[in-house]
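The block underneath contains the structure these notes are about, expressed in structure tokens.
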Amino acid sequence: MAALLLVVSTLGLATSVGAAGAAPLLPARDIGGLGPRIVNGTLTSQYPSVGALLTPANANVASLLCSGTLIGCHTFLTAAHCVCDLDGAACQSGPNAPNPGDYLVFLQHAGFFAVSSIAVRPDFEFPVGDVAILTLASSVTGVAPTPIDVSGVPAPGTGATIVGFGRDAGAQDYGLKRAGAVTMAPCTSGISNTTSVCWDFAAPLGPAGSDSNTCNGDSGGPLFADFQCGDTVAGTTSGGTSGGCAPTDHSYDANIFQYRAYIQAQAGADLDNAACGAMPQAGDPNTTILAASGALSVGTPQETHTVDVPVGTTLLRVALNASEDFGADFDLYVKAGSPPTISDFDCKADGPNQYGFCEFATPAPGTWYVLVQRAQGSGSYQVTATTFASGAPGSGSNGQTCDDANACTQSDVCHGGACGGAAVVNGSACDDGSACTGPDLCQAGVCTTVATPATGCIEPSISGKASLALKRGIPLSRNRLTWKWTKGGATSLADFGDPITGSGYELCLFDENAGVPELVVDTSIPAGSNWVATSRGYKYRDVTSQHGGVRAIKLRDGPTAYPAIGISAAGEHVVAPTLPFDQDSTVTVQLIGANACFEARYSTNRRNDAAQFKARSD
1186 MAALLLVVST LGLATSVGAA GAAPLLPARD IGGLGPRIVN GTLTSQYPSV GALLTPANAN
1246 VASLLCSGTL IGCHTFLTAA HCVCDLDGAA CQSGPNAPNP GDYLVFLQHA GFFAVSSIAV
1306 RPDFEFPVGD VAILTLASSV TGVAPTPIDV SGVPAPGTGA TIVGFGRDAG AQDYGLKRAG
1366 AVTMAPCTSG ISNTTSVCWD FAAPLGPAGS DSNTCNGDSG GPLFADFQCG DTVAGTTSGG
1426 TSGGCAPTDH SYDANIFQYR AYIQAQAGAD LDNAACGAMP QAGDPNTTIL AASGALSVGT
1486 PQETHTVDVP VGTTLLRVAL NASEDFGADF DLYVKAGSPP TISDFDCKAD GPNQYGFCEF
1546 ATPAPGTWYV LVQRAQGSGS YQVTATTFAS GAPGSGSNGQ TCDDANACTQ SDVCHGGACG
1606 GAAVVNGSAC DDGSACTGPD LCQAGVCTTV ATPATGCIEP SISGKASLAL KRGIPLSRNR
1666 LTWKWTKGGA TSLADFGDPI TGSGYELCLF DENAGVPELV VDTSIPAGSN WVATSRGYKY
1726 RDVTSQHGGV RAIKLRDGPT AYPAIGISAA GEHVVAPTLP FDQDSTVTVQ LIGANACFEA
1786 RYSTNRRNDA AQFKARSD
């Protein structure tokens, strides 16, 4: 099957009655019927910015290498491991640098594009820095780029969408484009929450498309997250802990928010393009996206589909992508007015691969026919037809009202996939979300604050009865923080609030330098099911230690000298500040809740070096 691209003017071509048995292409949202893909995903001709990275750079013979996303009119984002076999340092220049001439980008709604340059993050060492930016030799038209994530990391528990051309869990169907939903989760298994974004793929699965996973060939493809303003690229597929991509798998993508500055530096002003070409973009009101899918074999060597081209259409694009399994070779033939044959067509793509594209300027209105012909092998295929009428590009989500959750801005609107607004008057009150800081005031659209210990906190009633031990471990899994607060001032049960159904706590640690406090630990412990009530207070236990490494908390009320608090944190999630502390003159620990705060101050220490800090309270 080929990838020959022909641009044909079809003015004056007549239309005729459709051929018996020809199946019409349907709106892209209605495609389906071939079962679960991406793993447990569904076939799609939507997400026009998502393309296949092919090699070699010959459209007639190229095959799938990876997936990726158009993020500018000539900028394609993929994974570094797709183009760099070593590490980032080795792939900067010289014989190990990726050769742009080896690659080709295929977009269902725009065709084939050569690559002119490739940038790989210098710090790439899989999965860290797994980002590569490909500059295309020519600009795409008719496809709106998808903005990169500049809003923040998708939170655990929120939904996202994965898209790619890779295989299913049965090692089949490379070359078919699928999409599926995932739910974000904290990164585990040694994967960093800073450099990656993660989700879990676990049985039992829901319907196809509802609980999905990426697999080989999906590498470099996008994880789309919506921060109120439409899809943004929040991740590029890196890998997972299951070699077969089947449940149970912990999957991870490169964190695009973390790497946004590098991507912006490489792509420059091209990232500002909301549309490519002075024409409607695929999916705009002045376009239609039609799609069909099917399967060919010895018993079914061909399928014919019809495309209804409306009056006023200025451009018709037809694309074929198909499963590469077992050397399958399918060909594409397109004709206006009557069914094509392998010898009678207006455009063909008949080389020995599974990707093809035809483009027609000013196509004749009426019925067009698309023939998918088997040359050899068997497997599934997708056909995508996109029609464009005259008009300007749509604005997408730009200009839509939104709420950026920033008290220091107003009149918020979407722009480039992000929500933002104009700054309110400087000095307006705000809340930075941390109980460890205050007072909070707006300055140039940003909530600013100073690290100031809270006042009026309950302290131990006896000197030396609150101990603090902090250890910076190597590796990070050996980090430790223990705070024991005993012989406290009078504390009622109401002072603890309700951490089960109400509000949680915030653990704050301040180190003073010349009497000026610096906040060095700020850990939130949320309310919820990890808390249980006791006869005199509450207990907290979290085996995941995901909230600042905190594993256990005990709260006990009572009259003076009876209340006690114990906090134990361990592991890589512990916020271990740089040691030794200045302690000039005091280190302060506070546990702040909705109804009260609890405090101990340390002006002396038993140990204060680069590895540990130990002290008893004043």
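No gaps in the numbering here: position 460 of the sequence shown is 1645 in this note's numbering, and each next residue is one more.
Even glycine gets a Cβ: it sits at the ideal position worked out from N, Cα and C.
Would you mind reading off the limits of the beta strand (DSSP E) that contains residue 1723?
As a working mapping, residue 1723 is identified with position 538 in the sequence shown. That run of the beta strand (DSSP E) goes 1722 to 1726.
Would you list, in sequence order, the uninterrupted beta strand (DSSP E) runs of no fewer than 3 residues that lie entirely inside the stretch 1646 to 1692?
1651 to 1656 and 1665 to 1670
Look up residue 1561 in the DSSP assignment and give the residues it is bridged to.
Translated into the one-based positions of the sequence shown, residue 1561 becomes position 376. Its beta-bridge partners are 1514.
What residues in its chain sit with their C-beta under 7 angstroms from that of residue 1698, if we drop five residues either side in the sequence?
Counting from one through the sequence shown, the residue named residue 1698 turns up at place 513. Correct list, in chain order: 1767 and 1769.
On the three-state DSSP scale, how would you describe residue 1293?
By one-based count along the sequence shown, residue 1293 stands at place 108. If DSSP states are grouped into helix, strand and coil, residue 1293 belongs with coil.
Do residue 1312 and residue 1437 count as a contact pair if the criterion is CB distance below 8 angstroms?
Counting from 1 along the sequence shown, the entry for residue 1437 is found at position 252. Counting from 1 along the sequence shown, the entry for residue 1312 is found at position 127. Yes. Within cutoff.
How about residue 1251 and residue 1267: do their beta carbons lie closer than 8 angstroms?
In the sequence shown, the residue the question calls residue 1251 occupies position 66. In the sequence shown, the residue the question calls residue 1267 occupies position 82. Yes, they are a contact pair.
State yes or no: is the C-beta of residue 1657 within less than 8 angstroms of the C-beta of residue 1477?
As a working note, residue 1657 is residue 472 in the sequence shown. As a working note, residue 1477 is residue 292 in the sequence shown. Result no, Cβ atoms of residue 1657 and residue 1477 do not sit closer than 8 angstroms.
Secondary structure at residue 1764, three-state DSSP: helix, strand or coil?
Taking the sequence shown and counting its residues from 1, one reaches residue 1764 at position 579. Residue 1764 falls in the coil class under three-state DSSP.
Check whether the stretch 1768 to 1787 and the stretch 1631 to 1645 are in contact - that is, three or more C-beta pairs closer than 8 angstroms.
yes
Going by Cα to Cα distance, which pick from 1500, 1324 and 1305 is closest to residue 1317?
Indexing the sequence shown from 1 puts residue 1317 at position 132. Per the C-alpha coordinates, the member of 1500, 1324 and 1305 positioned closest to residue 1317 is 1305.
Could you work out which residue in 1207, 1576, 1646 and 1229 is closest to residue 1360 when comparing CA atoms only?
Counting from 1 along the sequence shown, the entry for residue 1360 is found at position 175. That would be 1229, whose Cα lies nearest to the Cα of residue 1360.
From residue 1605 to residue 1792, what does the alpha carbon distance come to, in whole angstroms?
Locating residue 1605 in the sequence shown gives position 420, counting from the first residue. Locating residue 1792 in the sequence shown gives position 607, counting from the first residue. Cα-Cα distance, rounded: 47 angstroms.
May I ask which residues mark the beginning and end of the alpha helix (DSSP H) holding residue 1801?
Your numbering for residue 1801 matches position 616 in the sequence shown. That residue, residue 1801, is in no alpha helix (DSSP H); its beta strand (DSSP E) goes 1797 to 1801.
By how many angstroms is the C-alpha of residue 1775 removed from the C-alpha of residue 1646?
Sequence index remark: in the sequence shown, residue 1646 carries index 461 (1-based). Sequence index remark: in the sequence shown, residue 1775 carries index 590 (1-based). So the alpha carbons of these two residues sit roughly 15 angstroms apart.
Measure the C-alpha to C-alpha separation of residue 1650 and residue 1715 and round it to an integer number of angstroms.
The sequence position of residue 1650 within the sequence shown is 465, counting from 1. The sequence position of residue 1715 within the sequence shown is 530, counting from 1. Near 27 angstroms, if we compare the C-alpha coordinates of residue 1715 and residue 1650.
Figure out for me which residue from 1484, 1512, 1472 and 1480 has the closest Cα to the Cα of residue 1498.
In the sequence shown, residue 1498 corresponds to position 313, counting from 1. Out of 1484, 1512, 1472 and 1480, 1472 has the C-alpha closest to the C-alpha of residue 1498.
Could you tell me how far apart the beta carbons of residue 1718 and residue 1689 are, in whole angstroms, since I believe they sit closer than 8 angstroms?
One-based indexing of the sequence shown puts residue 1718 at position 533. One-based indexing of the sequence shown puts residue 1689 at position 504. Wrong, their Cβ atoms sit about 15 angstroms apart, outside the cutoff.
Please report the residue range of the alpha helix (DSSP H) in which residue 1447 lies.
Indexing the sequence shown from 1 puts residue 1447 at position 262. 1445 to 1452 is the extent of the alpha helix (DSSP H) around residue 1447.
Exposed or buried, which one is residue 1463 when buried takes at least 16 other CB atoms within 10 Å?
Counting from 1 along the sequence shown, the entry for residue 1463 is found at position 278. Result: exposed.
Just verifying my parser: in three-state terms, what is the DSSP assignment at residue 1286?
Counted from its first residue, the sequence shown places residue 1286 at position 101. Note: residue 1286 maps to helix in three-state DSSP.
Run through DSSP, which three-state label would residue 1434 get?
On the sequence shown, position 249 is the one that residue 1434 refers to. Strand, per DSSP.
Is the beta carbon of residue 1255 less than 8 angstroms from the beta carbon of residue 1236?
Position 70 of the sequence shown, counted from the first residue, corresponds to residue 1255. Position 51 of the sequence shown, counted from the first residue, corresponds to residue 1236. Yes, these two residues count as a Cβ contact at 8 angstroms.
Does DSSP classify residue 1361 as helix, strand or coil?
As a working note, residue 1361 is residue 176 in the sequence shown. Note: residue 1361 maps to coil in three-state DSSP.
Determine the contact status of residue 1481 and residue 1557, defining contact as a CB-CB distance below 8 angstroms.
Your numbering for residue 1481 matches position 296 in the sequence shown. Your numbering for residue 1557 matches position 372 in the sequence shown. It is a contact, given that the beta carbons lie within the stated cut-off.
Closest Cβ-Cβ distance between residue 1623 and chain D: below 8 angstroms?
The structure shown has no chain D; it contains just one protein chain.
Could you check whether residue 1731 and residue 1280 sit closer than 8 angstroms to each other, using their CB atoms as the reference points?
For the purposes of this step, residue 1280 is taken as the residue at position 95 of the sequence shown. For the purposes of this step, residue 1731 is taken as the residue at position 546 of the sequence shown. No, these two residues do not count as a Cβ contact at 8 angstroms.
Which value, in whole angstroms, describes the spacing of the CA atoms of residue 1631 and residue 1705?
As a working mapping, residue 1631 is identified with position 446 in the sequence shown. As a working mapping, residue 1705 is identified with position 520 in the sequence shown. In a straight line, the C-alpha of residue 1631 is about 21 angstroms away from that of residue 1705.
Could you tell me the alpha carbon to alpha carbon distance between residue 1621 and residue 1299, rounded to whole angstroms?
Indexing the sequence shown from 1 puts residue 1621 at position 436. Indexing the sequence shown from 1 puts residue 1299 at position 114. CA-CA distance, residue 1621 to residue 1299, rounds to 53 angstroms.
Which residue marks the beginning of the beta strand (DSSP E) containing residue 1604, and which one marks its end?
As a working note, residue 1604 is residue 419 in the sequence shown. Element bounds for residue 1604: 1603 to 1608.
Just list the residues that DSSP pairs residue 1777 with in beta bridges.
Indexing the sequence shown from 1 puts residue 1777 at position 592. Partner(s): 1691 and 1782.
Can you tell me where the beta strand (DSSP E) with residue 1348 in it begins and where it stops?
As a working mapping, residue 1348 is identified with position 163 in the sequence shown. Unbroken beta strand (DSSP E) run through residue 1348: 1344 to 1349.
Where does residue 1627 sit, in a helix, a strand or coil, going by DSSP?
Your numbering for residue 1627 matches position 442 in the sequence shown. Looking at residue 1627 - three-state DSSP - the assignment turns out to be strand.
Who are the near neighbours of residue 1378 in its chain, counting only those whose CB is closer than 7 angstroms to its CB and skipping five residues on each side?
Residue 1378 sits at position 193 when you count from the first residue of the sequence shown. Only 1371 and 1372 meet the Cβ criterion.
Per DSSP, what are the beta-bridge partners of residue 1741 in this structure?
Within the sequence shown, numbered from 1, the residue matching residue 1741 stands at position 556. Its beta-bridge partners are 1722 and 1749.
Is residue 1523 near the ligand PLP, with its Cβ less than 7 angstroms from a heavy atom?
With respect to the ligand PLP, the structure shown offers nothing to examine, as it has no ligands at all.
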